[in-house]
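To keep things clear, I will list the structure first and then write my remarks on it.
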Amino acid sequence: MTDTQQAAIQRALDAEKQVHRLEREVQSLRTRKTPGRSKDIDSYGNDRNEFQLSEQVKDLTYQLSAKTMELQRLKETSNARLLAEYEDKLKKMRDIFAQATRNLDGYRATIATKETELAQTNELYKETKQSEERLKAQAEERERDYEKLKTEGSSRKAVDISQIKRLEVKVRQLTTQLSQVQADYENYKKRAHQLLQQNSDAKDQGKYTELEHQLNQMKLERAIVFVDLCVGVSEQAMERTENERQARLVEQDLRQALERIRYLEDLEIKQISLQRSLEEKNRNIKEIEKQISQEREVHEQSARTHGLTWCKTALQSIRTAHEENLQLRYDSLPQNKFREHTPKQEPSRVQEQDKENDTERDDERAGWEATIERLEEDNKRLREALENKEKEMEVKQVVSEVAPEAIESNEIDLYASMSHLLSPFVGRQEEPVDMTKQVRRLGDMLQESEEKVNALRAQEKASLMQAGCELVLESKEVFCNRRLDSFDKRQNMNAEYLKNVLLKFLQSENKVFMVPVLAKLLYLNQDETDELQKAVIT
3 MTDTQQAAIQ RALDAEKQVH RLEREVQSLR TRKTPGRSKD IDSYGNDRNE
53 FQLSEQVKDL TYQLSAKTME LQRLKETSNA RLLAEYEDKL KKMRDIFAQA
103 TRNLDGYRAT IATKETELAQ TNELYKETKQ SEERLKAQAE ERERDYEKLK
153 TEGSSRKAVD ISQIKRLEVK VRQLTTQLSQ VQADYENYKK RAHQLLQQNS
203 DAKDQGKYTE LEHQLNQMKL ERAIVFVDLC VGVSEQAMER TENERQARLV
253 EQDLRQALER IRYLEDLEIK QISLQRSLEE KNRNIKEIEK QISQEREVHE
303 QSARTHGLTW CKTALQSIRT AHEENLQLRY DSLPQNKFRE HTPKQEPSRV
353 QEQDKENDTE RDDERAGWEA TIERLEEDNK RLREALENKE KEMEVKQVVS
403 EVAPEAIESN EIDLYASMSH LLSPFVGRQE EPVDMTKQVR RLGDMLQESE
453 EKVNALRAQE KASLMQAGCE LVLESKEVFC NRRLDSFDKR QNMNAEYLKN
503 VLLKFLQSEN KVFMVPVLAK LLYLNQDETD ELQKAVIT
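Going by the numbering used here, the sequence shown opens with residue 3, and the numbers climb by one from there.
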């Protein structure tokens, strides 16, 4: 209620006080009696005073009617201006809700696409895990084969060395025997030559042939032994070369398997660190969402406490007080004046006017209730969208890794590849802070919508109080008491709300992110918001 309306109401109440005071004076003059000797003089003076007072009563009545009409005109102007402002705000809020709906549709499409990519990445991660396990098994098997070949090679090497030593001893023995046989042969040849020279008979020739045959036989045995020795040495060398080549191949395979295992272990460590960072960010987001939900519950509880029930009760009590006041007024007025200034059908006209006023107030209240219900439905839809968004954010726990080739070429942050799930612009890469701002902006929109609903409820209360003011202009005490009670309740509700907001801000861990919310709730300007931001940072 503006200052002009309050001044008009005060002037109307003052005029009504003067009317009551003059009526009481007229009544007292009528009932006053004087002695008989000055009866005519007093009667003349009383008539003159009564006439003057009646004229004053008429003037004041006309003034009261004029002030009442002026007050009605001011109220109509104020109501028209408030209705225009409300329609403008309602249009803006509908545009905001439409934009939010379009953004949510974009979010859903983006999230569906990213869920497909996430499933593909999970499959790739499973395949990489299986290949890692398979490589580990192959590495273990090759290591066992390498140990087995190493053991066999060492044992075979020892056998070959012993065999080489034995063959070398045998070769030395055969060489000694061969040299001895050659020496014997030379001696025998000399003796045979001498004997041949002495005896050249057939018997000596036969012995000579036999000795040559024995010599050839011994040479053949020597050649066979030498060939066997060379073959054994060559086979041993070839086998040793093959074993060394296989050992080198096994060592190379083991080295590659170990490098692969180390690479996969590093990859797993990076994945664990990414998961921890994502869990920390999701934990921060959940804390912010929890704070928003708590503030919303407190606000809804306060709105429910000071709802339409109180307005209906207040209207009923005001209506009862107005009827009692009217009855007292009709009883207190003189009968002749009542007949002069009131038609015979005045009670019925007053009742009809009251019925019309009640019908208008009921229609107005029904319109307000329908508007509030519509806004509550919009708030409910926005709240459900916010809850769905929170559930989708909780589901997006990334447990996948990119392909090894992509990681070797360019190490990409997994969170950066999924940060644009919450953005209406798919091509833009956002940070976790942007995602938090998105959630906080949705909470702010919900808070603003609830504040508008509460403002409409307060406006409805104000309109009901104005209607009650029109009904009980004759009863200043009842009107003042009702207005003070309503003002105290609103003051208490606002103080409780501000106290909860300040407590949440002081208990918050991320006060820097809560500064815009606090500035929005307290209607701070840009300079005050900047000063509060600097104070929180320092």
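Glycine included, each C-beta is placed from N, C-alpha and C at the ideal position.
Remember, it's a predicted structure, so these values are computed and weren't measured experimentally.
Counting along the chain, the unbroken alpha helix (DSSP H) around T531 starts and ends at 528-539. By the neighbour-count definition (other C-beta atoms within 10 Å, threshold 16), A82 is an exposed residue. Counting the other Cβ atoms within 10 Å of the Cβ of V514 gives fewer than 16, which makes it exposed. CA-CA distance, N502 to T63, rounds to 51 angstroms.
Per DSSP, reduced to three states, the secondary structure at Y525 is coil, with no helix or strand assignment. For a cut-off of 8 angstroms, the C-beta gap from E52 to V28 is around 6 angstroms, short enough to register as a contact.
At the C-beta level, L66 and N48 stay beyond 7 angstroms of one another. A direct Cα-Cα distance of roughly 36 angstroms separates L276 from A100. Minimum Cα-Cα distance from Y88 among the listed residues A141, E453, D5 corresponds to E453.
Inclusion of R144 and D268 in the CB contact set at 7 angstroms is not warranted, their separation being larger than that value. By the neighbour-count criterion, in which a residue is buried when 16 or more other Cβ atoms sit within 10 angstroms of its Cβ, L222 is exposed. V183 places its beta carbon less than 7 angstroms from that of M220.
K60 sits away from A14, with the two beta carbons spaced by 7 angstroms or more.
A contact between stretches requires three or more CB pairs, one per stretch, nearer than 8 angstroms, and the stretch 239-252 meets this requirement with the stretch 150-159. Ranked by how close their Cα comes to the Cα of Q132, the residues D446, M95, L266, T118 have L266 in first place. In this structure, the straight-line span from the alpha carbon of D107 to that of D5 is close to 48 angstroms. If the five residues before and after Q140 are omitted, its C-beta is found closer than 6 angstroms to no C-beta atom of its own chain. The alpha-carbon separation between D16 and A86 amounts to approximately 33 angstroms. L55 is positioned such that its CB atom lies no closer than 7 angstroms to that of L92. By the CB criterion at 7 angstroms, L137 and R262 fall inside the cutoff.
Here the alpha carbon of L126 sits roughly 22 angstroms from the alpha carbon of E281.
If you draw a straight line from the Cα of E135 to the Cα of A259, it is about 11 angstroms long.
In the structure shown, the three-state DSSP call for S510 is coil. K77 counts as buried, since at least 16 other C-beta atoms from the protein chains shown sit within 10 angstroms of its C-beta. Rounded to the nearest whole angstrom, the CA to CA distance from K19 to P518 is 52 angstroms.
A straight line joining the alpha-carbon of T178 with that of E214 spans about 19 angstroms.
In terms of Cα proximity to E389, the closest of E119, K292, Q165 is K292.
Taking every protein chain shown into account, the CB of M516 has 16 or more other CB atoms within 10 angstroms, so this residue is buried.
For N245, the closest C-alpha among the options Y525, T79, K152 is that of K152.
Taking L520 as the centre and dropping the five residues before and after it, the same chain places the C-beta of F507 closer than 6 angstroms to its C-beta, in chain order. Across the structure, I98 and D446 are spaced so that their CA atoms are roughly 12 angstroms apart. A straight-line Cα-Cα distance of about 22 angstroms links Q196 and N218.
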